[in-house]
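Participant:
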Amino acid sequence: MNQYCYDIITDLTQLDATKLKEYVRKLYQKKKFKDLRFSADEKLPYIVLYSKKDKQVCIKMTSKAKKNIERIEGIHFKLKPADLKFTEDIVLDKPYIFELEQCAWWDEDCKIAKGQKWSTLIHNGPYFTHLVEPYEPHGAPLVYANVEYDLTPQEERIANFYARRIISEMSGNVTQIWTKDKVFNKNFWTDFKKYLTAEHKKIFKDFSKLDFSQIIERLEELKEVEKQMTQKEKDAKKIKAAERKQDYGYAIINDIKEPVGNFTIEPAAIFYGRGNNPKRGKIKRDIDPEEVIINIDEKAKVPVAPAGHNWKQVIHDHNAAWIASWKDPISNESKYVYLGAEGQLKGRSDFVKYEKARKLNKYLNKIRKQYTADITSHLNKSRQLGTVLYLIDRHGIRVGNEKDESETDTVGASTLRVEHVKLKDPVVAKQTVTELERDHIRIVPQQLVDGPPGNSRHI
DNA sequence: CTACGCGACTCAGAAATATCCCG
DNA sequence: TCGGGATATTTCTGAGTCGCGTA
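Residue numbers are given in my numbering: position 45 of the first sequence equals residue 43, and the series is strictly consecutive.
Here's what the structure looks like:
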């Protein structure tokens, strides 16, 4: 959808954003634009956004209709300096179409210094939902042993996580029923207690006696209310989201404006993990700016952390592709905010990847010959390596890495264990088996052939 | 030289959300 | 044109891999 922006050219000390947005909205209704103008009773095909960070007001089309675009652009053409004067002090620049330049990263012009990810990098930092939009309590009580208890906002917020999971599971659209899982509930309960007041902690002794039904009911009511919102309210919500994206959703890298992939710091939530992760059900807490490292151009203005907060550190690493990073408190692994996949960085690394694949293709026959021979080698090591390579090549199984007990126990080609191999009647797998019988591993592929489809698997 | 830990990046599964379609 | 179910798309983030620095 087209978007047009007006830069605010005067220094703004005090600015009433609501009034300015209203002013711009009404610009397109001025009588003097005659047949181009939008009448007051007509549904406007645009919403107005204000970006404090980028000092601009934009209109974003909500309709793709050619006619509407022509009218908007026609009005832009006819705008006079007087139209752009919001107040005596606050003046807008002429509107321009907001579009992201496509950087042809394969092009000479777009090349950046060798060995570096970026030569310039400007952005507004990540978005902290819990700081910018503090939790608004709904007041529904949690029931324990048939008695209602009012929760503090902090308690309620966590209780919502669990209640929402129950709602999702009831809808039948999820594949896992976690709220009936012992480990999940135990982990959740242990962590939930850390958020309870001393008083509630004393009363709530047994997790199974907690009854979330009133909270579930309230959350469902709130969802219904949202469904019933008027168009105006829906628009207001849309505007909010679009303004957030305008403020935080773009970075300028190597002088090209590109979208940021996921500019929101992961908010507090229940940790689910995949499969039987032993940490499933734990509560992943909120991350504060004090834990976040910002990577930005040394020449750029450092983004301002949310009020009352500071960054952990600000670095200027030209070899790093990320703009913000923090440690995930559950896994202790680094998490990053990256630029979007449509940008030059991803384009370039994809290019490298596919070139490597082309190169590999040249050696494929040689590699296949080699591992086929290795499988019958008298050397243990060669036999193992050959088998792993065979599994990867023929069955698309991943390599497999070392893991510790605190992670989901999955295995790859190199980490398969005896218990993963099931012997089956060789007749069932005629083809594969005849080929492999002499390799003493004949049954392994049969089981894998029966596995789920996919271009790459772990088991 | 090797082993190891960890930082940085890509991949992919599941859920959420948007869109489509039909009565 | 409305509701709701089916289907497609997007978002979110856990997990896998690799390579580099260090001991």
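For glycine and all other residues, C-beta sits at the position ideal for the given N, C-alpha and C. For clarity, every value in this text was computed on a predicted model and none was experimentally measured.
Touch check for the region 338 to 350 and the region 271 to 285: three-plus C-beta pairs under 8 Å?
Facilitator: No, they do not touch.
Participant: Taking three-plus beta-carbon pairs below 8 Å as touching, is the region 370 to 379 in contact with the region 394 to 409?
Facilitator: No: fewer than three Cβ pairs fall under 8 Å.
Participant: Buried or exposed for L434, please, with buried defined as at least 16 other CB atoms from any protein chain shown within 10 angstroms of its CB.
Facilitator: For this step, residue 434 is matched to residue 436 along the first sequence. Confidence is the limiting factor: at L434 the pLDDT is only 31, short of 50, which leaves the residue's position unreliable and the question unanswerable from this model.
Participant: For F459, count the other beta carbons within 10 Å of its own beta carbon; 16 or more makes it buried, fewer makes it exposed. Which is it?
Facilitator: Because the chain here runs from -1 to 457, residue 459 falls outside it and cannot be looked at.
Participant: Nearest to K333 by alpha carbon, out of I73, Y361 and I291?
Facilitator: To locate residue 333, count along the first sequence from 1; it is residue 335. Cα-wise, what sits closest to K333 is I291.
Participant: Does DSSP put Y133 in a helix, in a strand, or in coil?
Facilitator: Here residue 133 refers to the residue found at position 135 of the first sequence. Residue state, collapsed to three classes: coil.
Participant: For N194 and H307, what's the separation of their Cα atoms in angstroms?
Facilitator: Translated into positions along the first sequence, residue 194 becomes position 196. Translated into positions along the first sequence, residue 307 becomes position 309. For clarity, residue 194 is Leu in the given sequence; the question names Asn instead. One C-alpha to the other measures close to 25 Å.
Participant: Taking the C-alpha atoms as reference points, what is the distance between T188 and E197?
Facilitator: Counted from its first residue, the first sequence places residue 188 at position 190. Counted from its first residue, the first sequence places residue 197 at position 199. T188 and E197: Cα-Cα distance of roughly 16 Å.
Participant: Are there 16 or more other CB atoms within 10 angstroms of the CB of A80, so buried, or fewer, so exposed?
Facilitator: On the first sequence, residue 80 is found 82 positions in, with the first residue counted as 1. The residue in question, A80, is exposed, as its Cβ has fewer than 16 Cβ neighbours within 10 Å.
Participant: Could you tell me the alpha carbon to alpha carbon distance between L358 and Q382, rounded to whole angstroms?
Facilitator: For the purposes of this step, residue 358 is taken as residue 360 along the first sequence, with counting starting at 1. For the purposes of this step, residue 382 is taken as residue 384 along the first sequence, with counting starting at 1. Going from the Cα of L358 to the Cα of Q382 covers about 21 Å.
Participant: Going by DSSP, name the residue or residues bridged to L337.
Facilitator: Counted from its first residue, the first sequence places residue 337 at position 339. L337 pairs with V258.
Participant: Any contact of the region 123 to 142 with the region 297 to 314, i.e. 3+ C-beta pairs under 8 Å?
Facilitator: Taking 8 Å as the limit for Cβ pairs, the verdict is that the region 297 to 314 does touch the region 123 to 142.
Participant: With a cut-off of 8 Å, do at least 3 Cβ pairs link the region 239 to 252 to the region 164 to 175?
Facilitator: In short, these stretches do not touch, since the Cβ pair count stays below three.
Participant: Can you give me the start and stop residues for the alpha helix (DSSP H) that S380 sits inside?
Facilitator: Here the question's residue 380 lines up with position 382 in the first sequence. Note, S380: alpha helix (DSSP H), N378 to H393.
Participant: Using DSSP with H/G/I as helix, E/B as strand and the rest coil, what is V426?
Facilitator: Along the first sequence, read from residue 1 onward, the residue named residue 426 stands at position 428. Unreliable positioning characterises V426 in this predicted model, as indicated by a pLDDT of 47, which lies under 50. The coordinate reading is nonetheless provided below. Three-state result, V426: helix.
Participant: Quick check on the burial criterion: 16 or more other C-beta atoms within 10 angstroms. Buried or exposed for H74?
Facilitator: Along the first sequence, one-based indexing puts residue 74 at 76. Buried, since its Cβ has 16 or more Cβ neighbours within 10 Å.
Participant: Is it right to say K472 is buried, meaning 16 or more other beta carbons lie within 10 angstroms of its own, or is it exposed?
Facilitator: This structure leaves residue 472 out entirely; the chain is present only between -1 and 457.
Participant: Is K367 buried or exposed, if buried means 16 or more other CB atoms sit within 10 Å of its CB?
Facilitator: On the first sequence, residue 367 is found 369 positions in, with the first residue counted as 1. So K367 ends up on the exposed side.
Participant: Use the C-beta contact count for L98: other C-beta atoms within 10 angstroms, 16 or more gives buried, fewer gives exposed.
Facilitator: If you number the first sequence from 1, residue 98 lands on position 100. The residue in question, L98, is exposed, as its Cβ has fewer than 16 Cβ neighbours within 10 Å.
Participant: DSSP state of K76, grouped into three classes?
Facilitator: By one-based count along the first sequence, residue 76 stands at place 78. K76: helix per DSSP, three-state reduction.
Participant: DSSP three-state label for K401, please.
Facilitator: For the purposes of this step, residue 401 is taken as the residue at position 403 of the first sequence. K401: coil per DSSP, three-state reduction.
Participant: Using three-state DSSP, classify E146 as helix, strand or coil.
Facilitator: Within the first sequence, residue 146 is the residue found at index 148, counting from 1. Residue state, collapsed to three classes: strand.
Participant: On a CA-only basis, which of L217, R392 and D284 is nearest I328? Give me that one, please.
Facilitator: Translated into the one-based positions of the first sequence, residue 328 becomes position 330. Nearest of L217, R392 and D284 to I328, Cα basis: D284.
Participant: Quick one: grab the DSSP three-state call for I251.
Facilitator: The sequence position of residue 251 within the first sequence is 253, counting from 1. It is a strand residue.
Participant: Would you be able to state if there are at least three C-beta pairs under 8 Å between the region 259 to 267 and the region 165 to 180?
Facilitator: The region 165 to 180 vs the region 259 to 267: no contact.
Participant: Is the number of C-beta pairs between the region 199 to 219 and the region 152 to 159 that are closer than 8 Å three or more?
Facilitator: With the cut-off at 8 Å, the region 199 to 219 and the region 152 to 159 touch.
Participant: My understanding is that D91 touches D5, with C-beta atoms under 8 Å, so please give their C-beta distance in whole angstroms.
Facilitator: For the purposes of this step, residue 91 is taken as the residue at position 93 of the first sequence. For the purposes of this step, residue 5 is taken as the residue at position 7 of the first sequence. With a Cβ gap of about 4 Å, D91 and D5 count as contacting.
Participant: What does a CB cutoff of less than 7 Å around P287 pick up in its chain, not counting 5 residues either side in sequence?
Facilitator: Taking the first residue of the first sequence as 1, we reach residue 287 at position 289. Closer than 7 Å at the Cβ level, and outside the excluded window around P287, lie F126, A303, P304, H307, N308 and W309.
Participant: Determine, using beta-carbon pairs with one atom in the region 264 to 273 and one in the region 134 to 154, whether at least three such pairs fall under 8 Å.
Facilitator: No: fewer than three Cβ pairs fall under 8 Å.
Participant: In chain order, which alpha helix (DSSP H) runs of at least 4 residues are fully inside the region 138 to 195?
Facilitator: List check, alpha helix (DSSP H) in window: 151 to 169 and 180 to 193.
Participant: With DSSP run on the structure shown, which of helix, strand or coil describes I285?
Facilitator: Numbered from 1 along the first sequence, position 287 holds the residue referred to as residue 285. Here I285 sits in coil by DSSP.
Participant: Spell out the partners DSSP gives K325 in its beta bridges.
Facilitator: As a first step, residue 325 must be located in the first sequence, where it is residue number 327. DSSP output for K325 lists S332 as bridge partner(s).
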